[in-house]
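Chemist: Read the sequence shown against my numbering and you will find it ends at 881, with the numbers running on by one and no gaps.
Even for Gly, the Cβ is constructed at its ideal location relative to N, Cα and C.
Take this structure, written in structure tokens, and hold onto it; I'll ask about it next.
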Amino acid sequence: MHFLKRCSVFKIVLSALLIVALLQLIYLSLLSRLHGKQQRYKYSELFESNGNPRGGVFMTRKNAKKERLKYSLSTGGIFDSSGQYRIYKNIVKSDFSSHQQPDGDSTSHPQFVLATHTSINNLHHLNELLERWDGPMSVAIFAHTHVVKFATALIYALSLLCPHIQALVDFHLICHSGDLATFPENDREHFVGLKDCRGVFGKLDKHRDMYQNYAIAGNVSYPNNLLRNVARGSIEAAYTLVIDIDMMPSENLHDQFLQFIKRRTPQPDEVFVLPAFEIRHTRKIPPSKKEVLQLYQVGEVRPFYEELCHKCHAPTNYSQWLNLHLQRPSDVSDSGDLDVAYTLSWTDPWEPFYIGSQDTPLYDERFRQYGFNRISQASYQPCARGRDSCRCFPFRFESPEHYGLTTVKGGTI
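Shown next as structure tokens:
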């Protein structure tokens with residue numbers, strides 16, 4: 469009898485545990501369905517047409533961007549001169565570019581544009597780049613095979629969810645000739661958690677180490693000069709600065725250069741060189757030339773490619789630029805206008821970063837991958853070098869800075 473009572477109690481406890489487990493399963497199932505509905509709703513907000521008029525101006529803008537993107541992709545793009553790459557120009561246009569007048573009214577075109585290029589693994593740098601650049605920007609993105617669809621979706625999400633990108637950034641997509649970019653109608657897995665601009669950059673940040681610009685699998689080379697030309701040539705501007713996306717220009721460079729060029733009579737065959745530096749990943753980009761000098765003295769900042777290719781940037785004459793404050797103390801103050809420091813002529817194999825006019829020749833697109841590619845169209849002309857006029861160009865030391873000290877093995881520290 470005692471045994472039967474114990475058995476009965478055991479059955480009751482077991483039944484209770486089973487009921488609790490069943491309730492937990494039901495709860496988790498309902499929670500999963502709710503989460504799925506939320507994600508599908510968010511996805512439909514981004515990528516599907518539902519005819520809902522409650523979105524007002526946002527829905528109108530979203531649909532306009534989506535239709536333009538779909539149209540741009542439906543054309544199949546154009547091939548480059550080699551026939552190995554497919555180019556989709558202006559797949560997403562900024563508000564700035566969209567409001568430009570047709571050709572003929574040059575006053576509507578921007579005077580100074582930043583043009584840059586990247587593969588999807590480095591696109592997360594765009595956020596920081598826009599913190600230091602307040603003018604129009606043109607970004608050429610290279611994607612390969614299965615990454616093409618992911619890149620297309622993230623470009624669209626950036627332009628829709630990030631107001632500062634929507635306002636100023638034009639996007640162009642370049643892929644292998646055998647790849648076709650399509651609108652991401654049904655790829656919901658790419659958009660889990662994308663609620664705002666921060667979420668998009670978080671998604672990009674997770675892909676930063678998946679692919680390397682110069683080590684893409686297979687036989688596809690990273691077409692750096694083609695990307696530079698697409699970014700530069702897709703938006704009309706009197707002057708353009710072409711830099712890699714992981715380089716940060718000096719603060720206020722855009723406005724300071726526009727003021728500088730108003731005071732100067734343009735001369736033929738001149739460009740304005742920005743002495744580039746590289747800084748350790750653990751350091752913040754210094755805000756002034758004074759801080760650059762301090763970090764340089766303790767080895768935290770050094771001339772760009774000093775170890776990897778010293779001769780490629782030695783003609784910049786970093787020693788002269790770094791010691792300008794000895795002749796002109798204002799060079800390390802926080803005031804002053806941008807001005808020319810000294811004049812240099814191009815010598816082989818100098819490959820500087822510079823601001824050039826629209827008459828500057830395009831880059832030679834036969835150069836791909838890594839090494840001695842920026843010099844391909846600069847050797848024809850002397851280079852007038854700009855000075856940082858205190859603070860590296862407000863231009864703030866008028867020099868872009870590269871994250872990480874580049875080593876001989878090709879890595880960064």
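(1) Where does Thr811 fall in DSSP's three states?
(2) Note down the Cα distance separating Ala809 from Trp789, rounded to an integer number of angstroms.
(3) With H, G and I counted as helix, E and B as strand and the rest as coil, what does DSSP make of Asn785?
(4) Count the other CB atoms within 10 Å of the CB of Ala846; is the residue buried (16 or more) or exposed (fewer)?
(5) Is Pro734 buried or exposed, if buried means 16 or more other CB atoms sit within 10 Å of its CB?
(6) Is it right to say Val488 is buried, meaning 16 or more other beta carbons lie within 10 angstroms of its own, or is it exposed?
(7) With DSSP as the reference, please indicate the residues paired to Gly824 in a beta bridge.
(8) Just list the residues that DSSP pairs Ser587 with in beta bridges.
(9) Where does Glu599 sit, in a helix, a strand or coil, going by DSSP?
(10) I'd like to confirm the pairing. Which residues does DSSP put opposite Leu641 in its beta bridges?
(11) Got a sec, what are the start and stop residues for the alpha helix (DSSP H) Gln631 sits in?
(12) What's the gap between the Cα of Pro771 and the Cα of Ile588?
(13) Since Val760 and Phe745 are thought to touch, with beta carbons under 8 Å apart, how far apart are those beta carbons, to the nearest angstrom?
(14) Please name the residue, chosen from Trp814, His585, Met716 and Arg696, that lies closest to Ser756 on a Cα-to-Cα basis.
(15) Which partner residues of Leu582 appear in the DSSP bridge assignment?
(16) Under 8 Å: do the segment 687–699 and the segment 606–615 share three or more Cβ pairs, one atom per stretch?
(17) Less than 7 Å separating the Cβ of Phe669 from some heavy atom of the ligand HEM?
(18) Name the DSSP beta bridge partners of Phe564, please?
(19) What is the DSSP secondary structure of Phe884, reduced to helix, strand or coil?
(20) Would you call His722 buried or exposed, if buried means 16 or more other Cβ atoms sit within 10 Å of its Cβ?
(21) Relative to the C-alpha of Ile555, which residue among Val739, Ala649 and Tyr707 is closest?
(22) Using a 10 Å radius around the Cβ and a threshold of 16 neighbouring Cβ atoms, would you call Tyr707 buried or exposed?
(23) Would a C-beta distance cut-off of 8 Å place Ser562 and Ala635 closer than the cut-off?
(24) Taking 8 Å as the limit between beta carbons, can you name the residues of its chain near Leu763, skipping five residues before and five after?
(25) Assuming Lys757 is part of the alpha helix (DSSP H), what are its boundary residues?
(26) Using CA coordinates, which residue listed in Leu622, Ser718 and Ile494 is at the minimum distance from Leu806?
(27) Assuming Gln579 and Leu726 are in contact, meaning their beta carbons sit under 8 Å apart, how far apart are those beta carbons, in whole angstroms?
(28) Report the rounded CA-to-CA distance for Arg581 versus His567, giving the unit in angstroms.
(29) Identify whether Phe740 lies in helix, strand or coil by the three-state DSSP scheme.
(30) Opposite Ile546 in the DSSP bridges: which residues?
(31) What did DSSP end up calling Asn520 once you bin it into helix, strand or coil?
(32) Are the Cβ atoms of Gln553 and His644 separated by less than 8 Å?
(33) Using CA coordinates, which residue listed in Val637, Asn697 and Arg676 is at the minimum distance from Phe835?
(34) In terms of residue numbering, what span does the alpha helix (DSSP H) encompassing His722 cover?
(35) So is Ser542 buried or exposed if we call it buried at 16+ other beta carbons inside 10 Å?
(36) Check this for me: beta carbons of Glu628 and Lys533, under 8 Å apart or not?
Modeler: Straight from the coordinates:
(1) What you label residue 811 is simply residue 343 of the sequence shown in a count that begins at 1. Here Thr811 sits in strand by DSSP.
(2) The residue given as residue 809 occupies position 341 in the sequence shown. The residue given as residue 789 occupies position 321 in the sequence shown. Between Ala809 and Trp789, the C-alpha separation is close to 8 Å.
(3) As a first step, residue 785 is located in the sequence shown; it is residue number 317 there, counting from the start. Looking at Asn785 - three-state DSSP - the assignment turns out to be coil, as it is neither helix nor strand.
(4) Taking the first residue of the sequence shown as position 1, residue 846 is located at position 378. Confidence at Ala846 is low in this model, with a pLDDT of 47, below 50, so its placement is unreliable and no value can be given for it.
(5) Numbered from 1 along the sequence shown, position 266 holds the residue referred to as residue 734. That one is exposed.
(6) For the purposes of this step, residue 488 is taken as residue 20 along the sequence shown, with counting starting at 1. Val488 should be labelled exposed.
(7) Position 356 of the sequence shown, counting from 1, holds the residue named residue 824. Thr708, per the DSSP bridge assignment.
(8) Residue numbering aside, residue 587 sits at position 119 when the sequence shown is read from its first letter. Phe610, per the DSSP bridge assignment.
(9) Numbered from 1 along the sequence shown, position 131 holds the residue referred to as residue 599. DSSP places Glu599 in helix when its eight states are reduced to three.
(10) The residue you call residue 641 lines up with position 173 of the sequence shown. Tyr556 and Ile609, per the DSSP bridge assignment.
(11) The count along the sequence shown starts at 1 and reaches residue 631 at position 163. Here residue 631 turns out to be Pro, not Gln, going by the sequence shown. Pro631 to Leu636 is the span of the alpha helix (DSSP H), which, as asked, contains Pro631.
(12) The residue given as residue 771 occupies position 303 in the sequence shown. The residue given as residue 588 occupies position 120 in the sequence shown. Their Cα atoms are separated by approximately 27 Å.
(13) On the sequence shown, position 292 is the one that residue 760 refers to. On the sequence shown, position 277 is the one that residue 745 refers to. The pair is a contact, with the Cβ atoms about 7 Å apart (cut-off 8 Å).
(14) The residue you call residue 756 lines up with position 288 of the sequence shown. Of the candidates Trp814, His585, Met716 and Arg696, the one whose C-alpha sits nearest the C-alpha of Ser756 is Met716.
(15) Numbered from its first residue, the sequence shown carries residue 582 at position 114. Beta-bridge pairing links Leu582 to Met605 and Leu709.
(16) yes
(17) In the structure shown, the ligand HEM is absent, as is every other ligand, since no ligand is present at all.
(18) What you label residue 564 is simply residue 96 of the sequence shown in a count that begins at 1. Per DSSP, none; premise fails for Phe564.
(19) The shown model of the chain, from 469 to 881, leaves out residue 884, and the question about it has no answer.
(20) Taking the sequence shown and counting its residues from 1, one reaches residue 722 at position 254. Counting Cβ neighbours within 10 Å, His722 comes out buried, since at least 16 surround it.
(21) Mapped onto the sequence shown, residue 555 falls at position 87. The residue with the shortest Cα to Cα distance from Ile555 is Ala649.
(22) Counted from its first residue, the sequence shown places residue 707 at position 239. Under this definition Tyr707 is a buried residue.
(23) Residue numbering aside, residue 562 sits at position 94 when the sequence shown is read from its first letter. Residue numbering aside, residue 635 sits at position 167 when the sequence shown is read from its first letter. Yes. Within cutoff.
(24) By 1-based counting over the sequence shown, the position of residue 763 is 295. Excluding residues within five positions, the ones whose Cβ falls inside 8 Å are Ile747, Arg751, Pro754 and Val769.
(25) Position 289 of the sequence shown holds residue 757. Lys757 -> alpha helix (DSSP H) spans Lys757 to Gln765.
(26) Working through the sequence shown from its first residue, we reach residue 806 at position 338. Checked all of Leu622, Ser718 and Ile494; the closest Cα to Leu806 is Ser718.
(27) As a first step, residue 579 is located in the sequence shown; it is residue number 111 there, counting from the start. As a first step, residue 726 is located in the sequence shown; it is residue number 258 there, counting from the start. Yes, they are in contact, since the Cβ atoms of Gln579 and Leu726 sit about 6 Å apart, within 8 Å.
(28) Taking the first residue of the sequence shown as 1, we reach residue 581 at position 113. Taking the first residue of the sequence shown as 1, we reach residue 567 at position 99. The sequence shown places Val at residue 581, not Arg. Val581 and His567: Cα-Cα distance of roughly 16 Å.
(29) For the purposes of this step, residue 740 is taken as the residue at position 272 of the sequence shown. Note: Phe740 maps to strand in three-state DSSP.
(30) In the sequence shown, residue 546 corresponds to position 78, counting from 1. According to DSSP, which records beta bridges pairwise, Ile546 is partnered with Ile555.
(31) Reading the sequence shown from its first residue, position 52 is the one you call residue 520. Because Asn520 sits at a pLDDT of 46, beneath the cut-off of 50, its placement in the model cannot be relied upon, and the point is left open.
(32) In the sequence shown, the residue the question calls residue 553 occupies position 85. In the sequence shown, the residue the question calls residue 644 occupies position 176. First, the amino acid is wrong: residue 553 is Tyr here, not Gln. Yes, the Cβ-Cβ distance between Tyr553 and His644 is below 8 Å.
(33) Numbered from 1 along the sequence shown, position 367 holds the residue referred to as residue 835. That would be Asn697, whose Cα lies nearest to the Cα of Phe835.
(34) Walking along the sequence shown from the start, residue 722 turns up at place 254. Its alpha helix (DSSP H) spans residues Leu721 to Lys730.
(35) Residue 542 sits at position 74 when you count from the first residue of the sequence shown. That one is exposed.
(36) Here residue 628 refers to the residue found at position 160 of the sequence shown. Here residue 533 refers to the residue found at position 65 of the sequence shown. The sequence shown places Leu at residue 628, not Glu. Yes, Cβ-Cβ distance for Leu628 and Lys533 is below 8 Å.
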